[in-house]
Amino acid sequence: MSSISSATTTAFAATDHAGSYRGLVARRLTILAGLAALLVLSVAVDVSLGPARYALPDVLRTIFAPGAAELQMRVVVWDIRMPMALLAVTVGASLSLAGAQMQTILANPLASPFTLGLSAAASFGAAMAMVLGVAVFPAAVGLMVPINAFAMAMAASLLIFGLSTLRGVTVETIVLLGIALVFSFNAALALLQYFASEQALSAVVFWTMGSLAKATWGKVAITAAILVVCTPLFMRRAWALTAIRLGETRAAAMGVPVKRLRLEALLLVSLLAAVPVSFVGTIGFIGIVGPHVARLLLGEDQRFFLPGAMLSGAVILSATSVLSKAILPGAVLPIGIITALVGVPFFAALILTKGRKAW
Amino acid sequence: MVSLALDQVGARYGRREILSNSSTPPIEGGALTALVGANAAGKSTLFRRIAGQLRGAGTVHIRGAEQADLRYMPQDTAMSAALTVYESIILALKQGGGGWRLSARELAAVDDVLDRFGIAHLSERQLPELSGGQRQAVSIAQTLVTRPKVVLMDEPTSALDLYRQYEILEALRRYARETGAVMILALHDLNQVMRSCTTTLALACGRVVVTGPTLEVLTPAMIRQLYGIDSRVERCSQGCPMMIVDGPAATTVGA
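Residue numbers (the UniProt record's numbering), protein chains in the order written: chain U, 1 to 359; chain E, 1 to 255.
Structure (structure tokens):
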């Protein structure tokens with residue numbers, strides 16, 4: 001082996017690069033483990049907080065030995081707090097993963113379920129149910145709000161998906177189309193609100209603030225199942241997704257089927273974003289900030305970035321859930337408000353202090 | 001020995017024909033081949049057609065290697081991803097397949113290209129922090145880390161300083177000699193071509209007009225046809241051929 005700039009390059013030096021890389025991998029695994037530990041801690045605190053005051057050890061005992069706990073405490077912990085705390089985890093992970101892959105495939109740091117119109121579409125769908133009493137699927141009137149929200153979010157996703165398959169459509173076109181969708185659905189929502197009764201109006205406003213209050217084990221199971229299905233599909237494409245961040249031309253030159261990969265990812269992202277939004281309303285911030293926190297901590301090698309984005313999103317939403325209970329004792333504030341109020345300054349500080357260079 | 005030949009090759013973007021009726025004799029591996037031509041003559045299109053990214057008429061014959069052994073390095077070196085240089089080369093290595101784990105052999109391959117192209121000291125730097133020339137060197141390392149048998153490089157030295165141009169071209173020549181790879185480089189500096197490339201393909205208006213030994217192709221007449229420039233070829237004090245530009249060819253100015 002011959003070196004062009006240093007004739008004295010030695011085998012020792014070569015080994016050292018690999019050693020440094022192994023060190024980098026070890027650091028990243030440690031960060032992932034740290035995020036996972038933080039998530040466990042946050043969930044434990046989240047479950048221990050609420051209008052009824054219980055000590056953390058009692059709550060933990062109720063979780064691990066429910067049979068020995070009082071009935072009231074068991075109901076509060078297992079039927080109310082645990083679904084809320086775990087829905088924060090699955091929704092946070094889903095929205096963050098969706099945002100991460102949107103940013104990756106669209107090569108745009110602002111791409112997220114919120115900025116591409118999925119959340120706005122879901123809000124419009126929910127408002128259709130609340131204001132007009134219109135069910136997209138009349139057979140499921142009882143679940144009219146989440147089903148309408150899901151149907152409209154999926155319709156928006158599939159519209160973006162369909163248009164992105166057209167010849168000559170670039171990533172910039174897709175992002176612009178998403179922004180157009182945001183404005184269109186917001187205008188339609190405003191129109192519905194204008195004609196809404198006072199009761200319906202307050203329901204719509206509350207829904208658009210985002211809330212975990214209606215969490216159930218069923219919703220936790222559905223969001224978790226979607227994560228379980230989508231995550232391995234992204235994991236299998238980890239190298240190709242990372243390559244896309246080197247640029248479309250370069251990724252194609254590496255043999256990555258860019259267009260097909262983008263379409264596959266967009267379809268998975270639609271599912272990942274539409275379902276949580278239909279359950280918890282508009283939580284716009286997680287899909288942007290989760291991926292950026294992961295990128296700052298772990299870089300963009302998807303083997304680390306992908307689980308990192310999921311963990312970051314889950315930690316942020318779980319911590320937000322804690323704050324939403326802790327700020328006003330006895331009350332639970334809508335989580336969408338807290339994510340923006342607390343998250344944005346935190347995010348800005350993170351970007352400014354880390355001297356971020358990517359994008 | 002690896003070789004590559006074009007037989008009536010063409011390519012289109014939509015309805016617009018960019019490349020047509022381009023044929024070459026077999027281009028043998030083991031040395032550098034230049035692809036020269038004016039801006040928008042179709043050099044990048046020809047590379048993308050050979051690489052299989054564009055469809056079109058005719059056939060690309062590759063002997064002694066598979067299509068999977070071909071690597072194309074695009075001209076664009078913009079890199080905004082939050083990856084270190086080392087990671088980006090691993091990424092290029094893994095596009096050929098393989099799992100998440102990295103073997104000692106794979107890490108050794110990354111170390112090899114880092115040293116070969118003089119970028120070992122950049123291995124832990126983030127891509128967005130690199131200068132244009134450093135990115136170009138990293139791009140070259142990414143392209144060659146899989147040790148491809150057919151290599152197409154679009155202006156691989158355009159962002160490099162004079163010394164680095166010389167270093168990189170020498171390293172590419174050495175790579176070609178060691179591996180027997182066919183290496184076609186789109187270059188604008190004809191003195192670089194004369195110094196480093198054994199064979200030259202000349203492209204004009206979307207067609208390969210001539211292929212042959214570099215000094216036989218780069219005649220004043222051909223340079224006038226390709227670029228509209230009057231020139232002459234002389235020898236430097238060390239015997240190397242070099243092109244002297246006299247100025248725009250009188251008959252083509254304003255044409």
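Ideal Cβ positions, reconstructed from N, Cα and C, are used throughout, including at glycine.
Residue i to residue j span [Cα, whole Å]
{"i": "glutamate 17 of chain E", "j": "arginine 207 of chain E", "result": "11 angstroms"}
{"i": "glycine 254 of chain E", "j": "glutamine 225 of chain E", "result": "Low local confidence applies: a pLDDT of 44 at glycine 254 of chain E is under 50, so the model's placement there is unreliable, and no value is given."}
{"i": "glycine 343 of chain U", "j": "arginine 135 of chain E", "result": "35 angstroms"}
{"i": "arginine 262 of chain U", "j": "valine 138 of chain E", "result": "26 angstroms"}
{"i": "glycine 313 of chain U", "j": "glycine 281 of chain U", "result": "16 angstroms"}
{"i": "threonine 173 of chain U", "j": "leucine 158 of chain U", "result": "15 angstroms"}
{"i": "threonine 84 of chain E", "j": "lysine 149 of chain E", "result": "26 angstroms"}
{"i": "serine 2 of chain U", "j": "leucine 130 of chain E", "result": "Note that serine 2 of chain U scores 47 on pLDDT, short of 50, meaning its location in the model is unreliable and no value can be drawn from it."}
{"i": "glycine 10 of chain E", "j": "leucine 46 of chain E", "result": "8 angstroms"}
{"i": "histidine 17 of chain U", "j": "serine 123 of chain E", "result": "7 angstroms"}
{"i": "glycine 19 of chain U", "j": "valine 145 of chain E", "result": "18 angstroms"}
{"i": "valine 293 of chain U", "j": "asparagine 39 of chain E", "result": "43 angstroms"}
{"i": "glycine 99 of chain U", "j": "valine 315 of chain U", "result": "15 angstroms"}
{"i": "alanine 186 of chain E", "j": "leucine 41 of chain U", "result": "57 angstroms"}
{"i": "tyrosine 194 of chain U", "j": "proline 146 of chain U", "result": "22 angstroms"}
{"i": "glycine 162 of chain U", "j": "lysine 259 of chain U", "result": "13 angstroms"}
{"i": "asparagine 108 of chain U", "j": "leucine 271 of chain U", "result": "20 angstroms"}
Other residues of its chain near residue i: CB distance less than 7 angstroms, five sequence neighbours each side excluded
{"i": "glycine 180 of chain E", "result": "Met1, Val2, Gly29 and Gly30"}
{"i": "methionine 152 of chain U", "result": "Ala121, Ala122, Phe124 and Gly125"}
{"i": "alanine 141 of chain E", "result": "Ile89, Val113, Leu114, Phe117 and Ile119"}
{"i": "leucine 106 of chain U", "result": "Val171, Ile174 and Val175"}
{"i": "threonine 242 of chain U", "result": "Glu300, Asp301 and Gln302"}
{"i": "leucine 297 of chain U", "result": "Ile31 and Gly308"}
{"i": "cysteine 236 of chain E", "result": "Met242"}
{"i": "tryptophan 217 of chain U", "result": "Pro83"}
Minimum Cβ-Cβ distance from residue i to chain E less than 9 angstroms
{"i": "leucine 306 of chain U", "result": "no"}
{"i": "serine 6 of chain U", "result": "Low per-residue confidence applies at serine 6 of chain U: pLDDT is 43, beneath 50, and the placement is therefore not dependable, though the value from the model is reported in the following sentence. Cβ-Cβ to chain E under 9 angstroms: yes for serine 6 of chain U."}
{"i": "leucine 143 of chain U", "result": "no"}
{"i": "alanine 252 of chain U", "result": "yes"}
{"i": "arginine 295 of chain U", "result": "yes"}
Chain-order list of residues whose beta-carbon lies under 8 angstroms from that of residue i (same chain, five-residue window excluded)
{"i": "serine 5 of chain U", "result": "Note that serine 5 of chain U scores a pLDDT of 45, beneath 50, so its modelled location is shaky; the value from the coordinates is reported in the next line. No residues qualify anywhere along the chain."}
{"i": "threonine 223 of chain U", "result": "Leu87, Thr90, Val91, Ser94, Val275, Pro276 and Phe279"}
{"i": "residue 373 of chain U", "result": "Lying outside 1 to 359, the shown extent of chain U, residue 373 of chain U is not represented and no answer is given."}
Within chain U, the residues that residue i reaches when beta carbons sit closer than 8 angstroms
{"i": "lysine 94 of chain E", "result": "Trp239"}
{"i": "alanine 11 of chain E", "result": "Simply none; closest approach about 15 angstroms."}
{"i": "serine 88 of chain E", "result": "Leu246"}
Proximal chain U residues relative to residue i, where beta-carbon distance stays under 9 angstroms
{"i": "glutamate 17 of chain E", "result": "Neighbours of glutamate 17 of chain E on chain U: none; closest Cβ ~17 angstroms, over 9 angstroms."}
{"i": "methionine 73 of chain E", "result": "Arg250 and Ala253"}
Beta carbon proximity, residue i to chain U, threshold 9 angstroms
{"i": "valine 253 of chain E", "result": "Per-residue confidence for valine 253 of chain E stands at a pLDDT of 46, beneath the threshold of 50, marking its modelled position as unreliable; the derived number appears in the next sentence. Output row for valine 253 of chain E: interface = no."}
{"i": "serine 139 of chain E", "result": "yes"}
{"i": "threonine 143 of chain E", "result": "yes"}
{"i": "leucine 91 of chain E", "result": "yes"}
{"i": "aspartate 76 of chain E", "result": "yes"}
{"i": "alanine 221 of chain E", "result": "no"}
{"i": "alanine 68 of chain E", "result": "yes"}
{"i": "serine 123 of chain E", "result": "yes"}
{"i": "alanine 186 of chain E", "result": "no"}
{"i": "alanine 120 of chain E", "result": "yes"}
{"i": "alanine 181 of chain E", "result": "no"}
{"i": "alanine 104 of chain E", "result": "yes"}
6 angstroms CB neighbourhood of residue i in its chain, flanking five on each side removed
{"i": "valine 182 of chain U", "result": "Gly117 and Ala120"}
{"i": "phenylalanine 12 of chain U", "result": "Only weak support exists for where phenylalanine 12 of chain U lies, its pLDDT of 41 falling under 50; the coordinates are left without a value."}
{"i": "alanine 340 of chain U", "result": "Phe285"}
Chain E contact residues for residue i, given Cβ-Cβ distances below 8 angstroms
{"i": "valine 256 of chain U", "result": "Gln95"}
{"i": "aspartate 46 of chain U", "result": "Here the premise fails: no neighbours, minimum Cβ distance about 30 angstroms."}
Chain E contact residues for residue i, given Cβ-Cβ distances below 9 angstroms
{"i": "arginine 303 of chain U", "result": "Trp100"}
Residue i: contacting residues in chain E (beta-carbon distance under 7 angstroms)
{"i": "glutamate 300 of chain U", "result": "Ala81, Ala82 and Leu83"}
Under 7 angstroms by beta carbon: chain U residues contacting residue i
{"i": "alanine 109 of chain E", "result": "Going along chain U, no residue has its Cβ under 7 angstroms from alanine 109 of chain E, so there is no contact; the nearest lies around 10 angstroms."}
{"i": "leucine 114 of chain E", "result": "His17"}
Item to complete: Note down, in chain order, all residues in the segment 224 to 248 of chain U with a beta-carbon under 8 angstroms from any beta-carbon belonging to chain E.
Response: Listed by position, the residues of the segment 224 to 248 of chain U near chain E (Cβ gap below 8 angstroms) are Ala238, Trp239, Ala240, Thr242, Ala243, Arg245, Leu246 and Gly247.
Item to complete: Could you list the residues in the segment 16 to 32 of chain U with a C-beta less than 8 angstroms from some C-beta on chain E, going in chain order?
Response: His17, Ala18, Ser20, Tyr21 and Leu24
Discussion item. What are the residues in the segment 95 to 127 of chain U lying within 7 angstroms of chain E by C-beta distance?
Written reply: none
Discussion item. Beta carbons nearer than 8 angstroms to chain U: which residues of the segment 39 to 57 of chain E have them?
Written reply: Ala51 and Gln53
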